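Visitor:
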Amino acid sequence: MHKINLNAHHPILDIQNHTVFASNGNVVFCHTVELPEVYSLSERDFEKLHGTWFQAFKSLPKGTIIHKQDVYQKLGYTAEQLNKNTFLEKATHDHFKGREYIKHDGYLFFVLPLDKVLNASKYVNPFRKTAKGYHRKLDLQVAEFITAVNDAVSYINNAKHITLHPMEPKEILAHTHEYFNGFNLDFDTDILLKNKHIEIGDHYFDTMAINSELCFGESVQSSTSNSRFTSDDFTFHQGFLDGLGLDLKENHIVNHILYLDDKQKWRKLLDKKIEELSKSSNFGTQNQGDP
Numbered sequence: 174m175h176k177i178n179l180n181a182h183h184p185i186l187d188i189q190n191h192t193v194f195a196s197n198g199n200v201v202f203c204h205t206v207e208l209p210e211v212y213s214l215s216e217r218d219f220e221k222l223h224g225t226w227f228q229a230f231k232s233l234p235k236g237t238i239i240h241k242q243d244v245y246q247k248l249g250y251t252a253e254q255l256n257k258n259t260f261l262e263k264a265t266h267d268h269f270k271g272r273e274y275i276k277h278d279g280y281l282f283f284v285l286p287l288d289k290v291l292n293a294s295k296y297v298n299p300f301r302k303t304a305k306g307y308h309r310k311l312d313l314q315v316a317e318f319i320t321a322v323n324d325a326v327s328y329i330n331n332a333k334h335i336t337l338h339p340m341e342p343k344e345i346l347a348h349t350h351e352y353f354n355g356f357n358l359d360f361d362t363d364i365l366l367k368n369k370h371i372e373i374g375d376h377y378f379d380t381m382a383i384n385s386e387l388c389f390g391e392s393v394q395s396s397t398s399n400s401r402f403t404s405d406d407f408t409f410h411q412g413f414l415d416g417l418g419l420d421l422k423e424n425h426i427v428n429h430i431l432y433l434d435d436k437q438k439w440r441k442l443l444d445k446k447i448e449e450l451s452k453s454s455n456f457g458t459q460n461q462g463d464p
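Just so we're aligned, residue 174 is where the sequence shown starts under the numbering used here, counting upward by one.
(1) Would you list the one or two residues that DSSP bridges to residue 339?
(2) Rounded to whole angstroms, what's the CA-CA distance from residue 363 to residue 446? Just pull it up for me.
(3) CA-CA distance, residue 329 and residue 211?
(4) Suppose you measure from the CA of residue 231 to the CA of residue 353; what does that come to, to the nearest Å?
(5) As a quick exercise: from 333, 286, 256, pick the residue whose alpha carbon is nearest that of residue 207.
(6) For residue 250 and residue 257, what's the separation of their Cα atoms in angstroms?
(7) Going by CA-CA distance only, name the one from 390, 216, 320, 400 that's closest to residue 416.
(8) Would you decide whether residue 434 is buried or exposed? Buried here means 16 or more other CB atoms lie within 10 Å of its CB.
(9) Which residue's Cα is closest to the Cα of residue 335: 204, 265, 451?
(10) What is the C-beta distance between residue 274 and residue 248, in whole angstroms, given that I count them as a contact (C-beta under 8 angstroms)?
(11) Got a sec: does the ligand FAD put a non-hydrogen atom nearer than 7 angstroms to the Cβ of residue 441?
(12) What does the Cβ neighbour count give for residue 331, buried or exposed, with the cut at 16 atoms within 10 Å?
(13) With a threshold of 16 other CB atoms inside 10 Å of the CB of residue 340, please say whether the residue is buried or exposed.
(14) Does the beta-carbon of residue 214 have 16 or more other beta-carbons within 10 angstroms, so that it is buried, or is it exposed?
(15) Using a Cβ-Cβ cut-off of 7 angstroms (strictly less than) and excluding sequence neighbours within five positions of residue 420, which residues of its own chain qualify?
(16) Which residue marks the beginning of the beta strand (DSSP E) containing residue 372, and which one marks its end?
(17) Go to residue 216, then tell me how far its alpha helix (DSSP H) extends in each direction, as first and last residue.
(18) For the alpha helix (DSSP H) containing residue 442, name the first residue and the last one.
(19) On the CB-based measure, 16 or more other CB atoms within 10 Å of its CB, does residue 418 come out buried or exposed?
(20) Could you pull the DSSP bridge partners for residue 194 from this structure?
(21) Just to confirm before moving on: does the CB-CB distance between residue 209 and residue 196 stay below 8 angstroms?
(22) Report the rounded CA-to-CA distance for residue 220 versus residue 233, giving the unit in angstroms.
(23) Just the Cα atoms here: how many angstroms apart are residue 295 and residue 370?
(24) Taking the alpha-carbon positions, what's the residue 255 to residue 277 distance?
(25) In the DSSP assignment, find the beta strand (DSSP E) that holds residue 312 and state where it starts and stops.
(26) Going by beta-carbon coordinates alone, are residue 193 and residue 240 separated by less than 8 angstroms?
(27) Residues bridged to residue 273 by DSSP?
This is how it looks when you write it as structure tokens:
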């Protein structure tokens, strides 16, 4: 069985402020995401939020990978921050101590892949090392990427509802360790690849991928109404995919991954399709556009 020693082949080559230089040649900008309180946004607010994401991301360079990660963990409430001076405070402390709740941590990563190309083996395998000194050849690319990402982050932070905070190096290392350690506490363990699942310490992992818009039905909206709480008088809205985070009461991670490819390529392809359709319009009424 092939094994990888994480200490000997660490996925991080260097960290400068909140910028990670990965061992596989990728450059990653790491942020934590401060989201609005659940059910506090209206349908119009979600539309504005969608517009903010779109405007912030559309100016990022070709080849950028945007990775939004939401980690949900079922933990016991420690109640350490609650006072125990009075009888009522002590009763409140004892009532909530140890009660299970779902802790949510949001992250947003901007990734500049090696040579701006989404090569599966280089992107998926974080332990793959590039030629020594290759990262020095990316100085100009990295400088352009830094400017674009800073502009996008500033735009998001100047809008409403969402705030991005740059991660400290110790936060990045802690999150990396927790992730590869399967979010096990108080001990380090191995990753065991089983036939039907991944076993990491006391935790078992499985994956589900949604890689086609056809999975969402005929239409995709920026928000949906929560059927359990909505009544004739009030409507509670949530994000289109928030049900994966809000309704699943177990440990889980929701990853949203966007790859910004060359929009000019798709525009040329669309123009070619329009030209072909125009040439074939005389062969059938279904090919004719509106007058």
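Glycine included, every Cβ here is placed at the ideal spot set by N, Cα and C. Predicted model only: the values in this text are computed from it and were never measured.
Guide: Quick answer:
(1) Bridge partners of residue 339: 204.
(2) Distance between residue 363 and residue 446, taken at the CA atoms: about 51 angstroms.
(3) Between the alpha carbons of residue 329 and residue 211 lies a distance of about 19 angstroms.
(4) Between the alpha carbons of residue 231 and residue 353 lies a distance of about 31 angstroms.
(5) Residue 207 has its Cα closest to that of 333, out of 333, 286, 256.
(6) Rounded to the nearest angstrom, the two C-alpha atoms are 15 angstroms apart.
(7) Closest by alpha carbon: 400.
(8) Here residue 434 is exposed, its C-beta having fewer than 16 other C-beta atoms within 10 Å.
(9) The alpha carbon of residue 335 has as its nearest neighbour, out of 204, 265, 451, the alpha carbon of 204.
(10) Going by Cβ atoms, the distance from residue 274 to residue 248 rounds to 7 angstroms, so yes, they are a contact pair.
(11) For the ligand FAD, the structure offers nothing, since it holds no ligand at all.
(12) Exposed.
(13) When all chains shown are included, residue 340 counts as buried.
(14) It is buried - the Cβ of residue 214 has at least 16 other Cβ atoms within 10 Å.
(15) So the list is empty, once near-sequence residues are dropped.
(16) That run of the beta strand (DSSP E) goes 371-373.
(17) DSSP places residue 216 in the uninterrupted alpha helix (DSSP H) bounded by 216-230.
(18) Per DSSP, residue 442 belongs to the alpha helix (DSSP H) from 436-452.
(19) Buried, since its Cβ has 16 or more Cβ neighbours within 10 Å.
(20) Paired residue(s): 187, 200.
(21) Not closer than 8 angstroms, so no.
(22) Put simply, the backbone Cα of residue 220 is about 21 angstroms away from that of residue 233.
(23) Confidence in residue 295 is poor, its pLDDT being 48 and thus under 50, which makes the residue's placement unreliable; the coordinate value appears in the next sentence. Rounded to the nearest angstrom, the two C-alpha atoms are 23 angstroms apart.
(24) Cα to Cα, residue 255 sits roughly 20 angstroms from residue 277.
(25) Residue 312: not part of any beta strand (DSSP E); member of the alpha helix (DSSP H) spanning 312-331, first to last residue.
(26) Between residue 193 and residue 240, the C-beta spacing is not below 8 angstroms.
(27) Beta-bridge partners assigned by DSSP to residue 273: 249.
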